[in-house]
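Each residue of the sequence shown is one higher than the one before, counting from 5 in the working numbering. Where is the CB? At the ideal position from N, CA and C, for every residue including glycine. Source: prediction; values computed, not measured.
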Amino acid sequence: MSKDTVLMPGVFNAISAVSATKAGAQALYVTGAGLTNGVLGVPDIALATQTEFAQQASYVTAVTPLPVLSDADTGFGDALSVMRTVIEMERAGLAGIHLEDQVSPKRCGHLDGKAVVETADMVRKIRAAVDSKRDISFIICARTDAYGVEGLDAAIERAKAYVDAGADAIFPEGLQSEAEFEAFRNGVSGSLLANMTEFGKTPIIAVSRFRELGYQMVIFPMTAFRVMLKAIDECYLELIHKGTQAEILHSMRTRSELYERIEYSAYDDKDKSWA
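Right, dumping it as structure tokens:
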């Protein structure tokens, strides 16, 4: 795991992973919300399956050389389910996953009404995850949603237990200020991940500040997805109401730009080489 602070853009399909890679990202994050919202068109409330997560992750890892961390919700069941989740996610080519301590069915981490499992139950899942990985470098990150349910001190105590259980990194969800991120850092040893989602409970904080605070990873799970969704909405409104795309051509990637992005010529050359 990098000693510097790694910015991890959220990706939700293969082409978004290609774009993030070409933009110069160091690592990528497969967003569970983006996957669930984008692939299934439903809320992020544990409706996507383990198989769907692993399949989408495999599409992402197939098109990028970068390390990819993926959301794995609550592990899709008990400790034995977590075991299979780790096996399938590792097989999909991921560099790691994060598991959360919410009660299933989980909720978005920035909504009220969450509930968390007992610390001992999450510790058991973490031990199962650590024991099940075949690659020693595969990251098991433990996310705790306890802050929004039990408070900051309880979240810190849970995080300590998760580190003791073997978690490679801790992801405190829903903290509401720089001071709380700093307090969490001071209270928990090891690597930490910060979630820079928008329009939630956490204020916008720059990666440079998280570097000063001592966080190793910062994910931006839904940033690109939200930009994409607004662009799609505006495109369809323009097309349906005006009956032409003439005035939005400037907003598009051209055919040649798209073909360059997906390396069309390389596939064409490969096909011709077999003639």
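What does a CB cutoff of less than 8 Å around Arg150 pick up in its chain, not counting 5 residues either side in sequence?
Your numbering for residue 150 matches position 146 in the sequence shown. The question names Arg, but residue 150 in the sequence shown is Ala. So the list reads Asp105, Val120, Ala158, Ala159, Arg162, once near-sequence residues are dropped.
Environment of Pro13 [buried if 16+ CB atoms lie within 10 Å]:
The residue labelled residue 13 in the question sits at position 9 within the sequence shown. It counts as buried.
Along the chain, where does the beta strand (DSSP E) containing Ser195 start, and where does it finish?
On the sequence shown, position 191 is the one that residue 195 refers to. Ser195 -> beta strand (DSSP E) spans 195-199.
Does DSSP put Gly100 in a helix, in a strand, or in coil?
Position 96 of the sequence shown, counted from the first residue, corresponds to residue 100. In this structure, Gly100 counts as strand in the three-state DSSP scheme.
Could you name the residues that DSSP lists as bridge partners for Thr53?
Locating residue 53 in the sequence shown gives position 49, counting from the first residue. The partner list for Thr53 (beta bridge, DSSP) is empty, contrary to what the question assumes.
Would a C-beta distance cut-off of 9 Å place Gln220 and Val10 closer than the cut-off?
Residue 220 sits at position 216 when you count from the first residue of the sequence shown. Residue 10 sits at position 6 when you count from the first residue of the sequence shown. It is a contact, given that the beta carbons lie within the stated cut-off.
Would you mind giving the Cβ-Cβ distance between Ala18 and Ala66, rounded to the nearest angstrom? I have them listed as a contact below 8 Å.
Position 14 of the sequence shown, counted from the start, is the residue given in the question as residue 18. Position 62 of the sequence shown, counted from the start, is the residue given in the question as residue 66. Indeed, because the Cβ distance is near 7 Å, the residues count as touching under 8 Å.
Neighbourhood of Cys239 by C-beta, 7 Å cutoff - its chain only, sequence neighbours within 5 removed:
Position 235 of the sequence shown holds residue 239. Ile252.
So which of Val127, Ala165, Ile223, Arg138 has the shortest CA-CA distance to Glu177?
For the purposes of this step, residue 177 is identified with residue 173 of the sequence shown, where counting begins at 1. Answer by Cα proximity: Ile223.
Inter-residue CB distance, Met87 and Ser136 (contact presumed, cutoff 8 Å)
Counting from 1 along the sequence shown, the entry for residue 87 is found at position 83. Counting from 1 along the sequence shown, the entry for residue 136 is found at position 132. Their Cβ separation, rounded to whole angstroms, is 4 Å, which keeps Met87 and Ser136 in contact under 8 Å.
Span separating the alpha-carbon of Thr89 from that of Lys246
Locating residue 89 in the sequence shown gives position 85, counting from the first residue. Locating residue 246 in the sequence shown gives position 242, counting from the first residue. Spanning the two alpha carbons is a distance of roughly 47 Å.
How about Thr68 and Ala21: do their beta carbons lie closer than 9 Å?
Here residue 68 refers to the residue found at position 64 of the sequence shown. Here residue 21 refers to the residue found at position 17 of the sequence shown. Yes, they are a contact pair.
Paired residues, beta bridge with Asp75 - DSSP:
Within the sequence shown, numbered from 1, the residue matching residue 75 stands at position 71. Looking at the DSSP assignment, Asp75 forms a beta bridge with His102.
Can you tell me the Cα-Cα spacing of Thr55 and Leu98, whole angstroms?
Working through the sequence shown from its first residue, we reach residue 55 at position 51. Working through the sequence shown from its first residue, we reach residue 98 at position 94. Going from the Cα of Thr55 to the Cα of Leu98 covers about 14 Å.
Return the CA-CA distance between Glu122 and Asp77, expressed in angstroms with no decimal places.
As a working mapping, residue 122 is identified with position 118 in the sequence shown. As a working mapping, residue 77 is identified with position 73 in the sequence shown. Taking the straight line joining both Cα atoms gives about 16 Å.
Apply the 10 Å Cβ neighbour rule to Gly36 and answer buried if 16 or more other Cβ atoms are within range, or exposed otherwise.
Your numbering for residue 36 matches position 32 in the sequence shown. Label assigned to Gly36: buried.
Exposed or buried, Ile144, counting other C-beta atoms within 10 Å across all chains shown (16 or more means buried)?
Here residue 144 corresponds to residue number 140 of the sequence shown, with the count starting at 1. Answer is buried; the Cβ neighbour count reaches 16.
On the CB-based measure, 16 or more other CB atoms within 10 Å of its CB, does Phe175 come out buried or exposed?
Translated into positions along the sequence shown, residue 175 becomes position 171. Answer is buried; the Cβ neighbour count reaches 16.
Out of curiosity, what's the CA-to-CA distance linking Glu94 and Met226?
The residue you call residue 94 lines up with position 90 of the sequence shown. The residue you call residue 226 lines up with position 222 of the sequence shown. C-alpha separation (whole angstroms): 23 Å.
Just reading off the alpha helix (DSSP H) that Phe188 is part of, what are its end residues?
Numbered from 1 along the sequence shown, position 184 holds the residue referred to as residue 188. Here the alpha helix (DSSP H) through Phe188 covers 182-191.
What does a CB cutoff of less than 7 Å around Glu92 pick up in its chain, not counting 5 residues either side in sequence?
Locating residue 92 in the sequence shown gives position 88, counting from the first residue. Hits under 7 Å: Gln54, Ala58.
Using 10 angstroms around the beta-carbon of His254, count the other beta-carbons present and answer buried if the total reaches 16, otherwise exposed.
The residue labelled residue 254 in the question sits at position 250 within the sequence shown. By the neighbour-count rule (16 or more Cβ atoms within 10 Å), His254 is not buried but exposed.
Give me the Cα-Cα distance between Asp48 and Ser74, rounded to the nearest whole angstrom.
Indexing the sequence shown from 1 puts residue 48 at position 44. Indexing the sequence shown from 1 puts residue 74 at position 70. If I take the Cα positions, the gap works out to 14 Å.
Given a cut-off of 9 Å, decide if Val15 and Val64 are closer than it, judged by their beta-carbon atoms.
Stepping through the sequence shown from its first residue, residue 64 is reached at position 60. Stepping through the sequence shown from its first residue, residue 15 is reached at position 11. A contact, by the Cβ cut-off of 9 Å.
Bridge partners for Leu32 per DSSP, in chain order?
Taking the first residue of the sequence shown as position 1, residue 32 is located at position 28. DSSP lists Val72 as partners of Leu32.
Excluding five sequence neighbours on each side, which residues of the same chain lie with their C-beta closer than 6 Å to the C-beta of Gln30?
Counting from one through the sequence shown, the residue named residue 30 turns up at place 26. Counting only Cβ-Cβ distances below 6 Å, and skipping sequence neighbours, we find Val10.
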